[in-house]
Amino acid sequence: MKEFLQKLFDGISFEKGEMKLAVDLLLQEGTSESEVASFLTALKMKGETVQEISALVELLRERANFQPFPASDVMDICGTGGDGSQSFNISTTTAFVLAGAGVKVAKHGNRSVSSKTGSSDVLEHLGISLDFDSFEIQEMLESNGLAFLYAPYVHTRLKKVMKVRGELKIPTIFNMIGPLTNPVPIDTQLLGIYRRDMLKKMAMVLHELGRKRAVVLNGAGYMDEASLAGENHLVLLENGKVTEFTLSPEEAGLPVYSNEEIRGGDAMENTEILLQVLKGKEGAYLDTVLFNAGIALFANGKSTTIAQGVKLARESVQSGAAFEKLQKTVRYSQLVRKKVM
1 MKEFLQKLFD GISFEKGEMK LAVDLLLQEG TSESEVASFL TALKMKGETV
51 QEISALVELL RERANFQPFP ASDVMDICGT GGDGSQSFNI STTTAFVLAG
101 AGVKVAKHGN RSVSSKTGSS DVLEHLGISL DFDSFEIQEM LESNGLAFLY
151 APYVHTRLKK VMKVRGELKI PTIFNMIGPL TNPVPIDTQL LGIYRRDMLK
201 KMAMVLHELG RKRAVVLNGA GYMDEASLAG ENHLVLLENG KVTEFTLSPE
251 EAGLPVYSNE EIRGGDAMEN TEILLQVLKG KEGAYLDTVL FNAGIALFAN
301 GKSTTIAQGV KLARESVQSG AAFEKLQKTV RYSQLVRKKV M
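Taking the UniProt record's numbering, I'd label the letters of the sequence shown as residues 1 to 341.
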């Protein structure tokens, strides 16, 4: 570890294989917390490269508590957190809408990062388990087109790193990679990040990880979700090429709302917001989900424009298809838990 640290102190970037060796050593029991802290801090000060980020993600997926299975045409939608917006659970709610629109979604999530309540908190409140194994995830994707994975259950070797991150209280490479470490084979992705300066770099990381098509975005007010408050900055990844563009809610046929109008609360409050959105209650919460779902459907390739994606998302809600995906997920979870008991 001393040699790896010295290289970072000298401002020298790692090749992909070298980064994997360094991270593998970082995760071993014999590595001290001070060494972990030094590594993360030095890497941040040097600046993380596309190769370093993708190498870390690949290694974590290889070491995940998850039995790999073949899958195709699967999408993930997730934000990095860290934007401090205190918004409701936008991407979690959006996942049900996407599934209702016919997109196969494997949603990777965690506890709260920048909101009062994380996706996993809401899922628990809905009665959806967090500890599905890989067979159950595969079964849910095949039968319902939707599955949720809880990051700490999947990535059990990160406890020491998470402890150090909490004590450092500064953003590190781990603040950016959460949405990338899904162990399910992902073809398309909508990735929201809190750092606008990292849009192109994260798009190229997704390319390194084998995404066929993806959109990376930073919303108005620097949210890690698409926002109806104004201009959103996006990068489209397609065939290894990146295209930068901006998007306002009016261009997608939606009204403008301030970010304060989509604030969330505790698990009970955010669960109620999710239910009301899936039942079609008009307002800022629903329109924000339609905006994000429209972009996700465009990223997935199911719609040729974001405006068309918004229309498909609205149909998913109005037809009851999105709410039915929620009900089927809850029923499956209850059935699995009964088998265990």
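No residue lacks a Cβ here, since even glycine has one placed at the ideal position from N, Cα and C. Bear in mind that the values here come from a model prediction, so they are computed numbers and not experimental data.
Return the CA-CA distance between residue i and residue j, expressed in angstroms with no decimal places.
{"i": "E124", "j": "P249", "result": "32 angstroms"}
{"i": "K104", "j": "K2", "result": "44 angstroms"}
{"i": "L25", "j": "F4", "result": "10 angstroms"}
{"i": "Q28", "j": "L56", "result": "14 angstroms"}
{"i": "A220", "j": "I193", "result": "12 angstroms"}
{"i": "L254", "j": "G294", "result": "11 angstroms"}
{"i": "E142", "j": "V74", "result": "11 angstroms"}
{"i": "N175", "j": "V317", "result": "32 angstroms"}
{"i": "R157", "j": "K7", "result": "25 angstroms"}
{"i": "S72", "j": "M268", "result": "34 angstroms"}
{"i": "G11", "j": "E48", "result": "11 angstroms"}
{"i": "K302", "j": "T188", "result": "11 angstroms"}
{"i": "E238", "j": "D197", "result": "20 angstroms"}
{"i": "T305", "j": "S32", "result": "50 angstroms"}
{"i": "G30", "j": "L335", "result": "41 angstroms"}
{"i": "F132", "j": "N300", "result": "25 angstroms"}
{"i": "K201", "j": "K328", "result": "37 angstroms"}
{"i": "P70", "j": "A64", "result": "16 angstroms"}
Going along the chain, which residues of its own chain have a beta-carbon closer than 7 angstroms to the beta-carbon of residue i, five neighbours each way excluded?
{"i": "V113", "result": "Legend: pLDDT at V113 = 47, less than 50; position of this residue unreliable, no value from coordinates given."}
{"i": "I90", "result": "E225, T288, V289 and N292"}
{"i": "S227", "result": "G219, A220, G221 and N259"}
In this structure, how does DSSP classify residue i when only helix, strand and coil are distinguished?
{"i": "L59", "result": "helix"}
{"i": "T80", "result": "coil"}
{"i": "A101", "result": "coil"}
{"i": "M75", "result": "strand"}
{"i": "Y285", "result": "helix"}
{"i": "G320", "result": "coil"}
{"i": "Q67", "result": "coil"}
{"i": "V216", "result": "strand"}
{"i": "S114", "result": "Confidence at S114 is low in this model, with a pLDDT of 42, below 50, so its placement is unreliable and no value can be given for it."}
{"i": "R263", "result": "strand"}
{"i": "H155", "result": "coil"}
{"i": "F96", "result": "helix"}
{"i": "Y332", "result": "helix"}
{"i": "K163", "result": "helix"}
{"i": "A226", "result": "coil"}
{"i": "E250", "result": "helix"}
{"i": "E244", "result": "strand"}
Take residue i and list the residues in its own chain whose beta-carbon comes closer than 6 angstroms to its own, dropping the five residues that flank it on each side.
{"i": "A151", "result": "N110"}
{"i": "L180", "result": "V57"}
{"i": "G145", "result": "A99 and K104"}
{"i": "I137", "result": "A147"}
{"i": "G127", "result": "V330"}
{"i": "A321", "result": "G100"}
{"i": "M19", "result": "E52 and A55"}
Looking only at C-alpha atoms, which of the options sits nearest to residue i?
{"i": "L278", "options": "A313, T181, Y257 and E136", "result": "A313"}
{"i": "V330", "options": "F96, G47, A214 and K302", "result": "F96"}
{"i": "V211", "options": "G240, L228 and L217", "result": "What sits at residue 211 in the sequence shown is Arg, not Val. Checking every option, the nearest Cα to that of R211 belongs to G240."}
{"i": "R337", "options": "I186, S258 and L130", "result": "L130"}
{"i": "P68", "options": "M140, A42, S134 and L60", "result": "S134"}
{"i": "E324", "options": "E251, Y285, K201 and G280", "result": "G280"}
So, residue i versus residue j, is the Cβ gap smaller than 8 angstroms?
{"i": "H190", "j": "V235", "result": "A small fix is needed here, since residue 190 is Leu in this sequence, not His. Contact flag unset, no."}
{"i": "I53", "j": "I173", "result": "yes"}
{"i": "G264", "j": "F66", "result": "no"}
{"i": "D224", "j": "G79", "result": "yes"}
{"i": "F298", "j": "G283", "result": "no"}
{"i": "K16", "j": "Q51", "result": "yes"}
{"i": "I177", "j": "D76", "result": "no"}
{"i": "L209", "j": "H233", "result": "no"}
What does a CB cutoff of less than 8 angstroms around residue i pick up in its chain, not counting 5 residues either side in sequence?
{"i": "V36", "result": "L26, K160, V161 and V164"}
{"i": "V122", "result": "N89, T92, A267, N270, T271 and L274"}
{"i": "S319", "result": "G100"}
{"i": "F39", "result": "M1, F4, L5, L8, A22 and L26"}
For chain D, find out if any of its Cβ atoms is closer than 8 angstroms to the Cβ of residue i; answer yes or no.
{"i": "I262", "result": "Here chain D cannot be found, since the structure has a single protein chain."}
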